[in-house]
Amino acid sequence: MRLLSLTTLLAALAFTARAELKLPAIIGDNMVLQQKQTNPLWGWDAPGTEVTVKFGDQTKTAKAGTDGKWTLKLDPVPANAKPATISIKGTTAKELKNVLVGEVWICSGQSNMQWNVGSSWDADLEIATAKYPNIRLITVPNVGTQEPQQDFKGEWKECSPETVGGFSAVGFFYGRVLHNTLDVPVGLINNAWGGSACEAWVNRGELEKDPRFKLLMDNTKKNESSLTSPAAKAKYDAALANWQKQADDAKKAGKPFTTRAPGAPTAWLSGNARPGNIYNGALLPTIGYGIKGAIWYQGESNAGRAYEYASLFPFMIQNWRNEWKQGDFPFYWVQLADFMAEKTDAEQATASSWAELRESQTKTQDAIKNGGQAVIIDLGEANDIHPKNKRDVAERLARLALVKDYGMKLPYRSPEFKSAEFAGGKATVTLDTFGGSLRTVDISEVKGFVVCGEDKKWAWAEAKIIGKDKLEVSAKGVAKPVAVRYAWSDNPVCNLYSTDGLPVTPFRSDSFEMLTKPKP
932 MRLLSLTTLL AALAFTARAE LKLPAIIGDN MVLQQKQTNP LWGWDAPGTE
982 VTVKFGDQTK TAKAGTDGKW TLKLDPVPAN AKPATISIKG TTAKELKNVL
1032 VGEVWICSGQ SNMQWNVGSS WDADLEIATA KYPNIRLITV PNVGTQEPQQ
1082 DFKGEWKECS PETVGGFSAV GFFYGRVLHN TLDVPVGLIN NAWGGSACEA
1132 WVNRGELEKD PRFKLLMDNT KKNESSLTSP AAKAKYDAAL ANWQKQADDA
1182 KKAGKPFTTR APGAPTAWLS GNARPGNIYN GALLPTIGYG IKGAIWYQGE
1232 SNAGRAYEYA SLFPFMIQNW RNEWKQGDFP FYWVQLADFM AEKTDAEQAT
1282 ASSWAELRES QTKTQDAIKN GGQAVIIDLG EANDIHPKNK RDVAERLARL
1332 ALVKDYGMKL PYRSPEFKSA EFAGGKATVT LDTFGGSLRT VDISEVKGFV
1382 VCGEDKKWAW AEAKIIGKDK LEVSAKGVAK PVAVRYAWSD NPVCNLYSTD
1432 GLPVTPFRSD SFEMLTKPKP
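Rendered as structure tokens:
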């Protein structure tokens, strides 16, 4: 009994000696707190420890639970560009320095959001002029896991020519517009991961509850079982041995060898497509931090499942909102740009999974509250899935926020399809131009329309603007059109804009079955 008591006492003393106040990376020097709302702060300490936080004239306390975690909320304060200090005292003490108050945005998605300033157009000028100490940047590393993570390796940094080059270009340009327009500090949290699938950003448990995603989750479980099987390991071992032999033979012969080693079958398990992986590894450690909203650029990896995306994308947005517990915070996204070869055959051009993904993105505007879409069908590059003009992308996103969240009066929404009437061998198309009117760019002739008859065979069409929001569309050889589409291809040739300079949103009048709808 004495030995047991002594051992327990020594263990307790050792724990006390090691105990210290710890904070997650998202809460640190140089951070920006979201103005005009409560801001949660949290960390870890010895269970039962009372933690005291002082910020300005506020003093808040919390007690560490049995798991050591403590959480409290700071009262709302207005924007403040004067650096402040937050003092936190528990078992040990910490001071967070150079803290500002302003607007905080999450920057998420795949490679086009991850694409950095240093790889964008005018990178030399953008970096040299990025002297914005009141814009703060933090990047979350790419970690894919099924195990919920509480923290990540990273730190807030002042925006400068030394720090901006590797940061998300869309994120930085977006934040710069807000900073310059609103004249308040801006905090940007970048957690984008190139090639990531939408389902990887969602709480897996929530996906498994929804019958709409049964096929997705059934395929996931089959994939997990296959990739962890002895057969998969044996196949990989054989392929790796063969690759090593080829490499050795090339070295002996003095020949170059550039063939990449085969990927391990388990790579997908910790990658950016497995449902829940990015949610657990990169998003969860930031959930709860006070934000204004999120911007999103993703969809390329889900284009082959565009039909599913119409449900999955709004589901993901709602999942984030439910877990952040900040209500329906603003969520704005970028519609996919034009990409791949331009097709001259109308039938081939309209057989496009990318066009269907764009439609699913457009539909999300009606599926959720407080969202919006930036159309960039004119900013892509045929031979590069990563168009380098990120500044215009960000500025179209910023228009959404400036109008919907900050009360400015600006054009912000691309014209969208409203209705089509078919008579006299023509289609009369009406668009919602949101206060503007229609015009063409580059040439006077309207480009980008196709029509079809009851045989559903598409033909290039001629179109002319006949009013502020109307067009007349017809095609030789289609005597009785029943459907009309605009910019409905991977990389459409299209030139219809609003007079405000925003491109018309790709659309179709029909409800023909989607190519990406799963077959029985």
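If you read the sequence shown in the working numbering, its first letter stands for residue 932, the second for the next number, and so on.
Every residue gets a Cβ at the ideal spot worked out from N, C-alpha and C, and that includes glycine.
Could you give the residue range of the alpha helix (DSSP H) that holds residue i?
i: residue 1135; result: 1135 to 1140
i: residue 1102; result: 1100 to 1113
i: residue 1238; result: 1237 to 1255
i: residue 1157; result: 1145 to 1158
i: residue 1281; result: 1277 to 1281
i: residue 1192; result: Counting along the chain, residue 1192 falls outside any alpha helix (DSSP H), and DSSP gives it neither H nor E.
i: residue 1058; result: 1054 to 1059
Could you say which of the options lies nearest to residue i if we only look at CA atoms?
i: residue 1381; options: 1228, 1235 and 1425; result: 1425
i: residue 1389; options: 1371, 1313 and 1410; result: 1410
i: residue 968; options: 1222, 1383, 1416 and 1413; result: 1222
i: residue 986; options: 1032, 974 and 1001; result: 1032
i: residue 1394; options: 1387, 953, 1322 and 1370; result: 1370
i: residue 1447; options: 1238, 1337, 1021 and 1133; result: 1238
i: residue 963; options: 1090, 1376 and 1440; result: 1090
i: residue 1203; options: 1196, 1065 and 1212; result: 1212
i: residue 1057; options: 1404, 1441, 1407 and 1322; result: 1322
i: residue 1052; options: 1387, 1310 and 1451; result: 1310
i: residue 1400; options: 1248, 1234, 1346 and 1158; result: 1346
i: residue 998; options: 1319, 1316 and 977; result: 977
Where does residue i sit, in a helix, a strand or coil, going by DSSP?
i: residue 1396; result: strand
i: residue 1370; result: strand
i: residue 1177; result: helix
i: residue 1119; result: strand
i: residue 942; result: With a pLDDT of 41 at residue 942, under the threshold of 50, the predicted position of this residue should be treated as unreliable, though the coordinate-derived value follows. Here residue 942 sits in helix by DSSP.
i: residue 1457; result: Nothing in the structure corresponds to residue 1457, since the chain is present only between 932 and 1451.
i: residue 1046; result: coil
i: residue 1451; result: coil
i: residue 1224; result: strand
i: residue 1210; result: helix
i: residue 1231; result: helix
i: residue 1410; result: coil
i: residue 1124; result: coil
i: residue 1309; result: coil
i: residue 983; result: strand
i: residue 1007; result: coil
Is it the case that the CB of residue i approaches a heavy atom of the ligand ATP more closely than 8 Å?
i: residue 1285; result: With respect to small molecules bound, the structure shown includes none, and the ligand ATP cannot be examined in it.
Do residue i and residue j have their CB atoms nearer than 9 Å?
i: residue 970; j: residue 1220; result: yes
i: residue 1067; j: residue 1116; result: yes
i: residue 1265; j: residue 1307; result: yes
i: residue 1455; j: residue 1138; result: There is no way to answer for residue 1455, as the model of the chain reaches only from 932 to 1451.
i: residue 1473; j: residue 1348; result: Only positions 932 to 1451 of the chain appear in this structure, which leaves residue 1473 out of reach.
i: residue 1422; j: residue 1270; result: yes
i: residue 1428; j: residue 1360; result: no
i: residue 958; j: residue 1036; result: no
i: residue 1050; j: residue 1319; result: yes
With burial defined as no fewer than 16 other Cβ atoms inside 10 Å of the residue's Cβ, what is the status of residue i: buried or exposed?
i: residue 943; result: Unreliable positioning characterises residue 943 in this predicted model, as indicated by a pLDDT of 41, which lies under 50. The coordinate reading is nonetheless provided below. Result: exposed.
i: residue 1041; result: buried
i: residue 1069; result: buried
i: residue 1444; result: exposed
i: residue 1226; result: buried
i: residue 1107; result: buried
i: residue 1256; result: exposed
i: residue 940; result: Note that residue 940 scores a pLDDT of 47, beneath 50, so its modelled location is shaky; the value from the coordinates is reported in the next line. Exposed.
i: residue 1157; result: exposed
i: residue 1432; result: exposed
Looking at the unbroken beta strand (DSSP E) that takes in residue i, where does it start and where does it end?
i: residue 1501; result: In the structure as shown, the chain begins at 932 and stops at 1451. Residue 1501 is therefore absent and cannot be evaluated.
i: residue 1326; result: Per DSSP, residue 1326 belongs to no beta strand (DSSP E); it is in the alpha helix (DSSP H), 1321 to 1335.
i: residue 1363; result: 1357 to 1363
i: residue 1436; result: Looking at the DSSP string, residue 1436 is not in any beta strand (DSSP E), and its letter there is neither H nor E.
i: residue 1289; result: First-last for residue 1289: 1284 to 1298, but that is the alpha helix (DSSP H), not the beta strand (DSSP E).
i: residue 1026; result: 1024 to 1040
i: residue 1066; result: 1063 to 1070
i: residue 971; result: 970 to 975
i: residue 989; result: 989 to 994
i: residue 1014; result: 1011 to 1020
i: residue 1350; result: 1347 to 1354
i: residue 965; result: 963 to 965
i: residue 1390; result: 1389 to 1391
Does any CB atom of chain D fall closer than 9 Å to the CB of residue i?
i: residue 1450; result: Note that chain D does not occur in the displayed structure, where there is just one protein chain.
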